[in-house]
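Undergrad: Going by the numbering used here, the first residue of the sequence shown is number 269, and it counts up by one from there. For reference, the structure I am asking about is given below.
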Amino acid sequence: MKRKLLGLGLCVAMVMSMFAGCSKDAAETSAGGDKLVVGFAQIGQESGWRDAETASIQFYAGQNLDTIELKFADAQQKQENQIKAIKSFIEMKVDVIGLAPVVETGWDAVFTEAKEAGIPIVLVDRMADVGDDLYSTFIGSDFILEGKNAADEMATLLGGSGKIVELEGTVGASAANDRKTGFDDQIAAQYPDIQILESQTGDFTRSKGKEVMESFLKTYGDEIKGVYAHNDDMMLGAIEAIKEAGFKPGVDIKAVSIDGVKGIFEAMAAGEANVTIECNPLLGPQFFDACAKLKAGEKVDKWIKSDEGIYRQDTAATDLPTRKY
Ligand code: AHR
269 MKRKLLGLGL CVAMVMSMFA GCSKDAAETS AGGDKLVVGF AQIGQESGWR
319 DAETASIQFY AGQNLDTIEL KFADAQQKQE NQIKAIKSFI EMKVDVIGLA
369 PVVETGWDAV FTEAKEAGIP IVLVDRMADV GDDLYSTFIG SDFILEGKNA
419 ADEMATLLGG SGKIVELEGT VGASAANDRK TGFDDQIAAQ YPDIQILESQ
469 TGDFTRSKGK EVMESFLKTY GDEIKGVYAH NDDMMLGAIE AIKEAGFKPG
519 VDIKAVSIDG VKGIFEAMAA GEANVTIECN PLLGPQFFDA CAKLKAGEKV
569 DKWIKSDEGI YRQDTAATDL PTRKY
């Protein structure tokens with residue numbers, strides 16, 4: 269509900285007013301003060317994972333108000349809003365720009381503007397398809413490996429054979445492209461008796477995940493023995509659809525997804541999901557550490573990789589209280 273209210277027509281006005289309110293401020297700070305001034309162009313609020321990433325970044329900045337000034341923009345899942353945000357950050361003369369790119373392509377022009385203004389770009393959690401010279405570092409996961417691990421887990425659950433469906437993330441997002449490549453390639457190479465009946469986007473949201481799973485169930489019914497979702501939110505939607513269609517998720521239809529949010533641990537503990545491949549959204553500390561180093565002219569690794577695990581149903585109940593997001 270909250271997401272819907274903030275959506276559509278309101279988004280551009282909201283993003284722009286955020287900038288109108290803080291641009292003068294930021295220019296003065298970055299021109300005069302010693303604070304690290306960072307602009308962060310977030311994708312939106314499409315999933316629990318995304319909310320956890322936003323909270324991690326805002327919490328870290330909030331804990332370090334004496335040294336960090338964060339300019340935060342929510343692009344409501346639109347690339348045009350992220351581009352507007354980056355242009356505003358350039359005008360504000362921030363020290364570093366952080367971006368979780370909603371899609372991979374279409375960034376060359378605005379990244380070039382940032383480069384010409386001498387402002388480094390830090391890519392957070394998703395990659396952009398640009399030359400190495402246009403960004404300073406990428407902080408995040410190996411999405412291809414996540415997809416490959418998901419394929420191995422699905423194959424184990426199915427005993428090596430069965431028909432499955434796939435719920436993809438946002439069209440054009442690196443997280444969706446790579447999780448699909450990693451999974452589909454591993455199935456094709458290692459598990460010839462597993463057939464992907466159909467693969468469609470659920471846009472990383474619970475509501476779309478449910479909607480697409482409903483249509484898969486109408487078409488294929490009890491042929492479906494497994495569902496792979498590029499994130500947990502879509503899987504949580506799919507689980508609702510499976511139950512409404514009269515099947516048992518996690519039993520009749522095996523469920524493997526990516527992220528590791530609390531909701532999927534609850535579903536696994538209830539026996540309704542089987543495996544989640546962790547993808548860490550708590551990137552605030554690493555992000556600001558990289559920004560501070562870049563401001564100081566220090567070298568940072570081109571890819572700062574996240575450490576992640578694989579979690580299964582048998583330990584979900586004991587893992588649940590330890591989950592941070
Ligand atoms: O880019 C990371 C992905 O984006 C997460 O897996 C998903 O939940 C989010 O929306």
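Just so it is clear, CB atoms sit at the ideal spot from N, CA and C, and this is done for glycine as well.
Look up T424 in the DSSP assignment and say whether it is helix, strand or coil.
TA: DSSP places T424 in helix when its eight states are reduced to three.
Undergrad: Closer than 6 Å from C-beta to any heavy atom of the ligand AHR: which residues, in chain order?
TA: Answer in sequence order: E314, S315, W317, R318, D393, R394, A443, F472, N499, D501, I526, D527 and C547.
Undergrad: With a threshold of 16 other CB atoms inside 10 Å of the CB of Q310, please say whether the residue is buried or exposed.
TA: It is buried - the Cβ of Q310 has at least 16 other Cβ atoms within 10 Å.
Undergrad: Taking contact to mean at least 3 C-beta pairs separated by less than 8 Å, is the region 385 to 396 in contact with the region 548 to 563?
TA: Touching, yes.
Undergrad: In this structure, how does DSSP classify R591 when only helix, strand and coil are distinguished?
TA: Of the three classes helix, strand and coil, the one that applies to R591 here is coil, per DSSP.
Undergrad: Distance check for I358 and I365, CA to CA, integer angstroms please.
TA: The alpha-carbon atoms of I365 and I358 are separated by roughly 8 Å.
Undergrad: Rounded to a whole number of angstroms, what is the C-alpha to C-alpha distance between K618 and C547?
TA: Within the shown structure, residues of the chain are numbered from 269 to 593, placing residue 618 beyond reach of any answer.
Undergrad: Have a look at A535 and L413 and give me their C-alpha separation to the nearest angstrom.
TA: So the alpha carbons of these two residues sit roughly 24 Å apart.
Undergrad: In its own chain, which residues sit with a C-beta less than 8 Å from the C-beta of E491, not counting the 5 before and 5 after it?
TA: These residues qualify, in order along the chain: K431 and L465.
Undergrad: Please say whether Q468 and E436 have beta carbons closer to each other than 8 Å?
TA: In this structure, Q468 lies closer than 8 Å to E436 by Cβ.
Undergrad: Please list, in chain order, all residues of the same chain as Q463 whose beta carbon is under 6 Å from its beta carbon, the five residues on each side excluded.
TA: Only K431 meet the Cβ criterion.
Undergrad: Whole-angstrom Cβ separation of T373 and G312, contact assumed at under 8 Å?
TA: Between G312 and T373 the Cβ distance is about 18 Å, and since that is not below 8 Å, they are no contact.
Undergrad: Count the CB pairs spanning the region 323 to 337 and the region 538 to 555 that are closer than 8 Å, and state whether there are at least three.
TA: With a cut-off of 8 Å, the region 538 to 555 and the region 323 to 337 count as touching, because enough Cβ pairs lie within range.
Undergrad: My output table needs one value for R580: the three-state DSSP class, helix, strand or coil.
TA: The answer is strand: DSSP assigns R580 an E or B state.
Undergrad: Counting along the chain, where does the alpha helix (DSSP H) carrying W317 start and finish?
TA: Unbroken alpha helix (DSSP H) run through W317: G316 to Q331.
Undergrad: Helix, strand or coil, according to DSSP, for K292 in the structure here?
TA: With a pLDDT of 34 at K292, under the threshold of 50, the modelled position of this residue cannot be trusted, and the question is left open.
Undergrad: Rounded to whole angstroms, what's the CA-CA distance from G577 to I545? Just pull it up for me.
TA: Going from the Cα of G577 to the Cα of I545 covers about 6 Å.
Undergrad: Flag this pair as yes or no: are the beta carbons of D527 and W317 separated by less than 8 Å?
TA: Yes, these two residues count as a Cβ contact at 8 Å.
Undergrad: Grab the span of the alpha helix (DSSP H) containing Q554 for me, first residue to last.
TA: Element bounds for Q554: G552 to K563.
Undergrad: Nearest to N349 by CA position, among K361, A523 and V378, is which residue?
TA: Nearest of K361, A523 and V378 to N349, Cα basis: V378.
Undergrad: Assuming F357 is part of the beta strand (DSSP E), what are its boundary residues?
TA: Segment Q347 to M360 is the alpha helix (DSSP H) holding F357; no beta strand (DSSP E) there.
Undergrad: For G514, I'd like the list of residues in its chain whose CB is within less than 7 Å of its CB, leaving aside the five on either flank, ordered along the chain.
TA: Counting only Cβ-Cβ distances below 7 Å, and skipping sequence neighbours, we find nothing.
Undergrad: Given that a residue counts as buried once 16 or more other Cβ atoms are within 10 Å of its Cβ, and exposed if not, what is G539?
TA: By the 10 Å Cβ count, G539 comes out exposed.
Undergrad: If you drop the 5 nearest sequence neighbours on each side, which residues of the same chain put their C-beta closer than 6 Å to that of F411?
TA: Only A443, D446 and R447 meet the Cβ criterion.
Undergrad: Measuring straight from C-alpha to C-alpha, what distance separates S404 and T438?
TA: Roughly 25 Å separates the two Cα atoms.
Undergrad: Rounded to a whole number of angstroms, what is the C-alpha to C-alpha distance between M503 and D302?
TA: Going from the Cα of M503 to the Cα of D302 covers about 45 Å.
Undergrad: For A368, which of F406, K592, Q331 and Y488 has the nearest alpha-carbon?
TA: Out of F406, K592, Q331 and Y488, F406 has the C-alpha closest to the C-alpha of A368.
Undergrad: Buried or exposed for E566, going by 16 or more other Cβ atoms inside 10 Å?
TA: Under this definition E566 is an exposed residue.
Undergrad: What number of angstroms, rounded off, separates the C-alpha of F484 from the C-alpha of V433?
TA: Rounded to whole angstroms, F484 to V433 spans 8 Å at the Cα level.
Undergrad: Using CA coordinates, which residue listed in G408, D393, E381 and K416 is at the minimum distance from D401?
TA: The shortest Cα separation from D401 among G408, D393, E381 and K416 belongs to E381.
Undergrad: Between which residues of its own chain and D575 is the CB-CB distance below 8 Å, once the five residues before and five after are set aside?
TA: Closer than 8 Å at the Cβ level, and outside the excluded window around D575, lie N548.
Undergrad: Looking at the secondary structure, which residues open and close the alpha helix (DSSP H) in which G505 lies?
TA: It spans D500 to E512 - the alpha helix (DSSP H) in which G505 sits, taken as one unbroken run.
Undergrad: Measuring alpha carbon to alpha carbon, tell me which of I354, T590 and A564 ends up nearest K339.
TA: The candidate whose alpha carbon is nearest that of K339 is I354.
Undergrad: In whole angstroms, what is the alpha-carbon distance linking L588 and G450?
TA: Going from the Cα of L588 to the Cα of G450 covers about 27 Å.
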